[in-house]
Structure formats: structure tokens, C-alpha cells
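First up is the structure itself, then whatever we jot down about it.
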Amino acid sequence: MKLLKALRAETLKMSRDKIFWLSVAGLLGSTLMVLVMFVFGKDDLVRRNLWNLDWFVDQSLQAEALLLGPMMVAIIGAYLVTLEYRQKTMKSLLPLPMSNTAIFAGKNIWGMIALAIGMLAAGIITILVPMALGLDPAAGSSLTDVIRHTAISQAALFAAFWPCLAFALTVSLISKNFVVPLAAAMVVQIGGLLALQGDKGHLAWPAIPLMIYNTVRKGGSFEPLLNSALFAVGFIVIGILWAALTRKPE
Numbered sequence: 000m001k002l003l004k005a006l007r008a009e010t011l012k013m014s015r016d017k018i019f020w021l022s023v024a025g026l027l028g029s030t031l032m033v034l035v036m037f038v039f040g041k042d043d044l045v046r047r048n049l050w051n052l053d054w055f056v057d058q059s060l061q062a063e064a065l066l067l068g069p070m071m072v073a074i075i076g077a078y079l080v081t082l083e084y085r086q087k088t089m090k091s092l093l094p095l096p097m098s099n100t101a102i103f104a105g106k107n108i109w110g111m112i113a114l115a116i117g118m119l120a121a122g123i124i125t126i127l128v129p130m131a132l133g134l135d136p137a138a139g140s141s142l143t144d145v146i147r148h149t150a151i152s153q154a155a156l157f158a159a160f161w162p163c164l165a166f167a168l169t170v171s172l173i174s175k176n177f178v179v180p181l182a183a184a185m186v187v188q189i190g191g192l193l194a195l196q197g198d199k200g201h202l203a204w205p206a207i208p209l210m211i212y213n214t215v216r217k218g219g220s221f222e223p224l225l226n227s228a229l230f231a232v233g234f235i236v237i238g239i240l241w242a243a244l245t246r247k248p249e
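Take the sequence shown: its position 157, counted from the start at 1, is 156 in numbering that gives the first Met the number 0, and no numbers get skipped.
Below is the structure:
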């Protein structure tokens with residue numbers, strides 16, 4: 000199948016490129032940020048009764064949802080497409096010509112796999128780092144509860160980050176440029192932050208991951224998750240249509 004060939008080609012190219020894996024590792028930055036906050040603010044956290052495992056995990060997941068997650072996915076998505084135009088190795092890797100639609104679909108699937116790897120690693124680190132600091136669960140909680148909460152939250156955030164990946168892939172495919180989608184991601188991320196500050200987070204697509212995390216944590220409607228999926232499908236359809244319409248005759 001053409002899609003399997005596209006996935007095989009992406010695997011060969013990505014396995015040889017360190018920049019891509021550095022962008023995946025960037026998802027771990029949320030935990031490192033909270034670790035610095037805990038180390039340098041221990042006295043204040045102890046005084047406020049926040050020196051516990053639950054608070055560390057909660058802050059790490061919020062940082063991942065609002066600050067680092069969408070940006071890292073944008074970088075991953077943009078790089079997946081930019082590498083195609085920089086190396087121009089499709090013909091040497093594949094025995095048969097392949098349509099742009101198959102290439103785009105392969106990159107989208109491979110990007111989701113890479114995102115899953117990064118988020119799985121981030122979830123594990125989020126649990127292990129506070130345990131290494133000797134943090135105990137908060138009163139009324141247990142390690143099992145924290146692990147369950149982290150797993151559910153990561154699954155919801157994974158679904159929420161899908162539009163960010165689809166957005167980056169689509170803009171990268173159209174612009175054939177790495178700077179354009181990254182700049183666009185920064186603009187929509189800042190817009191999401193401003194919308195949240197104005198209590199209008201439901202109007203901002205970048206704010207959806209944080210809203211979904213808060214839904215998992217506090218309970219509530221999962222309507223933002225559906226909106227997130229619809230955004231992703233829309234961007235993917237745009238990308239596939241662009242690839243199909245711009246296909247050169249063989």
C-alpha cells in the first residue's frame with residue numbers, strides 16, 4: 000500500500016535526524032520547569048502545604064497543556080514537512096512514485112506516533128521526578144490515584160494536541176517553509192493566552208487543551224474535545240485537498 004510505503008519512508012528519514020527527536024524531547028520541558036520551581040521555592044510551598052506529589056503533577060500537566068505542548072507539536076509538524084523539501088530523498092527511498100496525498104497522510108500518522116512517544120515519556124517523567132524528590136501524595140490521595148489521573152489527562156491532552164499537529168502539517172505543506180507555521184503557532188498561542196485572561200477561553204482554539212485537562216481534573220462537559228477533533232479533521236482535509244490539487248502529472 001502507498002500509505003505503508005510513506006510511513007516506511009518517514010521512519011527511515013526521521014531515524015537519521017536528531018533535530019526531530021530533540022523537538023520530541025521538548026515535551027519534557029514542562030516537568031523540568033516545575034522541578035525548578037519546586038527546588039527554588041520549597042520553603043514557600045511547604046508553608047502553603049503544597050509540597051506534595053499531587054501539586055507537582057498538576058502543575059506539570061498544566062504547563063504541558065498550555066505552554067509547551069502546542070508549540071512542540073507545531074515544531075514537530077513543521078519539521079516533518081520541511082525535511083521533505085530540504086532533503087528531497089523520496090525518489091531514492093521509494094521504488095515507485097507516490098502521490099502528495101499519500102505523503103501527507105504518512106506524515107500525519109507518523110507525527111501522531113512521535114507525539115505519543117513524547118507524551119508517554121513526559122507522563123512517566125512527571126511521576127518519577129517528584130518521587131525522586133521524596134514527595135508524597137496529598138492527604139486523601141494515593142500514588143495509584145495520581146498515576147490514574149496522569150494517564151487519563153495525558154490521553155485527553157493527546158487528543159487535544161491533534162489539531163496543533165494537523166495545523167502545523169497543513170501550513171507547512173502549503174508554505175513549504177518552517178518559519179511560517181512556527182510563527183503562526185506563536186500567534187495563535189498568544190491569542191489563546193489572552194482569551195483565557197479575558198475569561199473567553201472557549202473562543203480560543205489554543206486554549207482547548209487546558210480546558211480539556213481541567214475537565215478531566217474537575218469533571219464537566221467534554222464538548223471541547225469534540226471541537227478539538229473537528230478542528231483537526233478540518234485541517235487534515237485542507238492539507239489532503241491541497242496535496243491532491245497541486246499534484247504534478249506523472
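Where is the CB? At the ideal position from N, CA and C, for every residue including glycine.
Can you tell me where the alpha helix (DSSP H) holding residue i begins and where it ends?
i, result
"P162", "142-174"
"A138", "It is not in any alpha helix (DSSP H) - A138 carries neither H nor E in the DSSP assignment."
"G40", "No alpha helix (DSSP H) holds G40; DSSP gives it neither H nor E."
"L60", "52-62"
CA-CA distance, residue i and residue j?
i, j, result
"L82", "L60", "30 Å"
"A255", "V80", "Nothing can be reported for residue 255: it is not among the residues displayed for the chain, which extend from 0 to 249."
"V145", "V72", "25 Å"
"H148", "G28", "20 Å"
"L172", "I123", "33 Å"
"I237", "A165", "10 Å"
"L168", "M111", "11 Å"
"F19", "M13", "7 Å"
"K41", "L142", "21 Å"
"D135", "L49", "11 Å"
"T10", "R47", "48 Å"
"F103", "F37", "42 Å"
Beta-carbon within less than 7 Å of residue i's beta-carbon, same chain only, minus the 5 sequence neighbours each way: which residues are those?
i, result
"L6", "G105, I108, W109"
"A138", "none"
"V23", "I75, A113, I116, G117"
"T30", "S59, A121, I124, T125, V128"
For residue i, does the count of other Cβ atoms within 10 angstroms reach 16, so buried, or fall short, so exposed?
i, result
"N51", "buried"
"F39", "exposed"
"G117", "buried"
"K90", "At K90 the pLDDT is 48, less than 50, meaning the model places this residue with poor confidence and gives no usable figure here."
"I126", "buried"
"V35", "exposed"
"V45", "exposed"
"D57", "buried"
"G133", "exposed"
"A8", "buried"
"A131", "exposed"
"L240", "exposed"
"L67", "buried"
Can you name, in chain order, every residue of its own chain whose Cβ lies under 6 Å from the Cβ of residue i, other than the five neighbours on each side?
i, result
"M32", "A62"
"S140", "D53"
"P129", "L52, F55"
"G25", "M71"
Quick one: residues in its chain with C-beta nearer than 8 Å to the C-beta of residue i, no 5 flanking neighbours on either side, listed in chain order?
i, result
"A150", "G122"
"K199", "Note that K199 scores a pLDDT of 48, beneath 50, so its modelled location is shaky; the value from the coordinates is reported in the next line. Nothing listed; no residue qualifies."
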